[in-house]
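Colleague:
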Amino acid sequence: MELPAPIIACRASAGVWAAVLRSNWLWPLLLLTLLPLGALVENENCVNPYFAHIILLCGINITLAVSLQLINGISGQFSLGHAGFMAIGAYLGGFATLTYSVLPADVSGDPFRSPGGVLWFGLALLVVALLAAGALWLLFILIRSSRRIHPAMPPIFMLLVILWFVIDRAIGYQLEHPAWYLLWTRGWSGLPRLLDFVIHAGMSPAARVSTWLPHSWCKPLCLLTALLIAGTFAGLSGLLVGLPTLRLRGDYLAIATLGFGEIIRVGILNTEPLGAATGLSVSIYPNAADSGAGLSAHYIFPWIFGAAVAATMVIWRLAKSAKGRAIRAVRDDEIAAAAIGIDTTHHKVIAFVIGAFFAGVAGALYAHLDGYLNTNEFAFTRSIELVVIVTIAGLGNIWWTVAVAIGLTWLPEILRDPTLFAIGKNSHKAGLFVQYCKQLGEFRMVIYSVLLIAIMLARANWPPLRAMCQRWLALVRNHPPNGAC
Amino acid sequence: MPLLEITNLGICFGGLHALAGFNFVLDSGELVALIGPNGAGKTTAFNLVAGIYAPDAGRIVLDGRSLAGLDPAAINHAGLARTFQNIRLFQNLTVLDNVIVALNNSAEHGLLTTLLRGPRFHRESRKSHARGMELLATLRLDQYASRLAGGLPYGDQRRLEIARALATSPRILLLDEPAAGMNPREKVELMELIRFIRDRFKVGIWLIEHDMNLVMKISQRITVLDHGEMLAVGSPDEIQANPKVIEAYLGAPA
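Chains as they are written, first to last, in our numbering: chain P, -12 to 472; chain A, 734 to 987.
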């Protein structure tokens, strides 16, 4: 059968685009395009450290925004707790390399020498966390089954447990002499002490294993292990939060996840080993060549953008698969999805956990980029910034998320100094206009908010933009998979 | 033994007996209707069978397996699919995706296969794509395959909902007011479609419908509900002549 030429051409070009987007070669190609950017960041004559820092922040924000896009856009769960997952990743990753990547026998105290130590810390934490989860689960089962005795028993038991906790925190440590309830109050501190014991028991064999590794492998392996630990624990906490709260919908889920984020932040704020209110300095490496501010920009660049590409790739592939289709079906109509045999909880939790995993990885990268962590950076506003990126990009739209994440990372910096990219602005010939522009920086938060409102209005109502998006979507969407045409 | 057998089904919402003492049988290839005035408990009966509510009393047995108390997904896996009174399509998915997502086997490959995209992934996505298109073609929806489901005309949305239910390869199909909001010409088409589905897919069809013309023409048996209780069971002719049914619909003679 002969089709008209334009239709054939149109189909062929759509096929090419769809094939490129689906192929296994797109991602390495994307990585290649990053090389010149990396070279720029490395060369301080081209890009000053301030610019390099913003470029690296772009990469971290891409990872965070794309992972939030999976939770909020593709899976349709309105989460406001992304900063919480990021904080878990940042503090765990930072703490792991700061404390356990130094070889115990090494007098110079150089970090990034002992990947085995970092790995052992992660494994020990995992074992103890699973034990704690098991104990909590047992307690939960006991409390729940007490309903059979009397319906009022579970709440009474819950109050007792809370009372136990309060007494333990309030007066437990004030009493030095052995009292009858010392055993009782030591219940809560058992877990940290167990963790300490397990870590110290395995640390020297782990360090010995590390010394067998080639020297040049140690630093990347340390960082990789720290990232995986950060991601794993963020993902596990996503599971922990997701299982009970994903039964909630809309505003209620938003409030629950918001509460989770704040619990994490306040929890860290009160944990001495993580620096509490003073903050955690990842960069205190006495003799390290790159002490001062985390890892140098040119070292961490491939890590940050590698993570961004990996997150985008995993989430894009997940979204464009049978699993992703089921996740989007649950988003559109949960009752109908259940009626056609989709396990709705399973799919929501998968999206939540994968999103949390990449938030944790991004957090750990952030820790190593800045070299200093403070709980204020993981406050509620951080989550809101990410939600704004996802909302502007459009729910479920991964490529726009990447673009908007880059744009909204640069925007505040450009507003701070509108002449950021102007050449020769520092020469004495710079006119009054430049001076006025610099004054505009004072109003940057006002302009920022007005711009956000304008962008949202334009996105919703500006027909050319909408039509363009739809045309592109129609081209890629639903084109037959490889070889089916 | 019939394919679907419901005995003495009942549920209370607070003090209201929404459904009580409901009995029903359905065999494959049968076409049976459930009618009754508004608020009679018809959709409640569907929701009980489909697992949206758990029944307070009674048994639901599909092919020797008890369905009472299972969740909707498990009931669907057991071989029962339904459509909804107010259309519940996945609005932001394409027409084709709406059908493919319901082909249960397509979601079976694990997370690793999804992320690595090996040959198996492509083979399976080609297969489900072909099956989805085939099903759409059977229901004459294939020209809309790449359009968003939310943008379809009303009658086609109803058809798509039926296609999606059929994609789960059910043995029993529950249609909740499939003709609601359709014009007379669409209703005639729908009638033919329902008969065609019954013969082609060999499913037992149980439908709720308010359009008496349609119900009387296509159904083999009719169950009448009023105030949560069964008023009558019988062939269309018997139901039309039943004085209790006439009273429920038109009121008692003065």
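Heads up, the beta-carbon is just placed ideally off N, CA and C, and yes, glycines get one too.
None of the values given here were measured: they were computed from a predicted structure.
Using a C-beta cutoff of 8 Å, does residue 976 (chain A) count as contacting chain P?
Modeller: no
Colleague: Fully enclosed by the stretch 782 to 858 of chain A, which alpha helix (DSSP H) runs are 4 residues long or longer?
Modeller: 805 to 811, 828 to 833 and 844 to 849
Colleague: Does residue 815 (chain A) have its Cβ less than 8 Å from a Cβ in chain P?
Modeller: yes
Colleague: Quick one: list the residues of chain A neighbouring residue 319 (chain P), beta-carbon separation under 7 Å, in chain order.
Modeller: Near residue 319 (chain P) (Cβ distances below 7 Å), the residues of chain A are 823, 824, 825 and 826.
Colleague: Where do the N-terminal and C-terminal ends of the beta strand (DSSP E) with residue 738 (chain A) fall, by residue?
Modeller: 737 to 746
Colleague: Taking the continuous alpha helix (DSSP H) assigned at residue 891 (chain A), which residues delimit it?
Modeller: Residues 887 to 900.
Colleague: So, using beta-carbon positions, are residue 539 (chain P) and residue 346 (chain P) closer together than 8 Å?
Modeller: Lying outside -12 to 472, the shown extent of chain P, residue 539 (chain P) is not represented and no answer is given.
Colleague: Could you list which residues in chain A have their beta carbon closer than 7 Å to that of residue 328 (chain P), in chain order?
Modeller: 806, 809, 810, 837 and 901
Colleague: Which residues in chain A have a C-beta closer than 7 Å to the C-beta of residue 304 (chain P)? List them in chain order.
Modeller: 847, 848 and 850
Colleague: Name, going along the chain, the residues of the stretch 777 to 803 of chain A whose beta-carbon falls closer than 9 Å to a beta-carbon of chain P.
Modeller: 783, 784 and 785
Colleague: Can you give the Cα-Cα distance for residue 61 (chain P) and residue 355 (chain P), rounded to whole angstroms?
Modeller: 30 Å
Colleague: Can you list, in chain order, the residues of its chain with a C-beta nearer than 8 Å to that of residue 276 (chain P)? Leave out the 5 residues immediately preceding and following it.
Modeller: Confidence at residue 276 (chain P) is low in this model, with a pLDDT of 45, below 50, so the placement of that residue is unreliable and no value is reported for it.
Colleague: The stretch 868 to 902 of chain A: which residues have C-beta closer than 8 Å to a C-beta of chain P, in chain order?
Modeller: 878, 879, 897, 898, 900 and 901
Colleague: Alpha carbon to alpha carbon, how far is residue 57 (chain P) from residue 214 (chain P)?
Modeller: 20 Å
Colleague: Looking at the C-beta of residue 312 (chain P), does it have a partner C-beta in chain A at a distance below 8 Å?
Modeller: yes
Colleague: Mind checking residue 212 (chain P): buried by the 16 CB within 10 Å criterion, or exposed?
Modeller: Around the CB of residue 212 (chain P), 16 or more other CB atoms lie within 10 Å, so the residue is classed as buried.
Colleague: Looking only at its chain, what residues have a beta carbon closer than 8 Å to the beta carbon of residue 111 (chain P), apart from the 5 residues adjacent to it on each side?
Modeller: 182, 185, 186 and 189
Colleague: When you compare only the Cα positions, how much space is there between residue 105 (chain P) and residue 251 (chain P)?
Modeller: 22 Å
Colleague: Within the same chain, show all residues whose beta-carbon is closer than 7 Å to that of residue 950 (chain A), passing over the 5 residues directly before and after it, in chain order.
Modeller: 924
Colleague: Of the choices P:389, P:267 and P:86, whose alpha-carbon is the least far from that of residue 377 (chain P)?
Modeller: Nearest option by C-alpha distance: P:389.
Colleague: Tell me, please, whether the stretch 906 to 913 of chain A touches the stretch 935 to 942 of chain A by the rule of three or more beta-carbon pairs shorter than 8 Å.
Modeller: yes
Colleague: Give me whichever residues DSSP pairs with residue 286 (chain P) in a beta bridge.
Modeller: Residue pairing of residue 286 (chain P) in beta bridges, as defined by DSSP: absent, with no partner found.
Colleague: What in chain P is Cβ-close to residue 909 (chain A), meaning under 9 Å?
Modeller: Within chain P, no residue comes near residue 909 (chain A); the closest Cβ sits about 11 Å away, beyond 9 Å.
Colleague: Can the beta-carbon of residue 225 (chain P) be found closer than 8 Å to that of residue 340 (chain P)?
Modeller: yes
Colleague: Taking only beta-carbon positions, decide if residue 833 (chain A) is within less than 8 Å of chain P.
Modeller: yes
Colleague: Check whether the stretch 891 to 901 of chain A touches the stretch 811 to 828 of chain A, taking contact to mean three or more Cβ pairs, one atom from each stretch, closer than 8 Å.
Modeller: yes
Colleague: So what does DSSP say about residue 755 (chain A), is it helix, strand or coil?
Modeller: strand
Colleague: How is residue 949 (chain A) classed by DSSP in three states: helix, strand or coil?
Modeller: helix
Colleague: Tell me which same chain residues have a C-beta within less than 7 Å of the C-beta of residue 864 (chain A), skipping the five on either side of it?
Modeller: The residues are 836.
Colleague: Give the secondary structure of residue 133 (chain P) by DSSP, where H, G and I count as helix, E and B as strand, and everything else as coil.
Modeller: helix
Colleague: For residue 257 (chain P), collect the residues of the same chain with a Cβ closer than 8 Å to its Cβ; drop the 5 residues on either side in sequence, then sort them by chain order.
Modeller: 263
Colleague: Under the three-state reduction of DSSP, which class applies to residue 986 (chain A): helix, strand or coil?
Modeller: coil
Colleague: Establish whether the CB of residue 49 (chain P) and some CB of chain A are separated by less than 8 Å.
Modeller: no
Colleague: I need the straight-line Cα distance from residue 365 (chain P) to residue 858 (chain A), nearest angstrom please.
Modeller: Each residue's alpha carbon lies about 41 Å from the other.
Colleague: In whole angstroms, give me the CA-to-CA distance for residue 352 (chain P) and residue 47 (chain P).
Modeller: 7 Å
Colleague: Going along the chain, which residues of its own chain have a beta-carbon closer than 8 Å to the beta-carbon of residue 968 (chain A), five neighbours each way excluded?
Modeller: 953, 954 and 955
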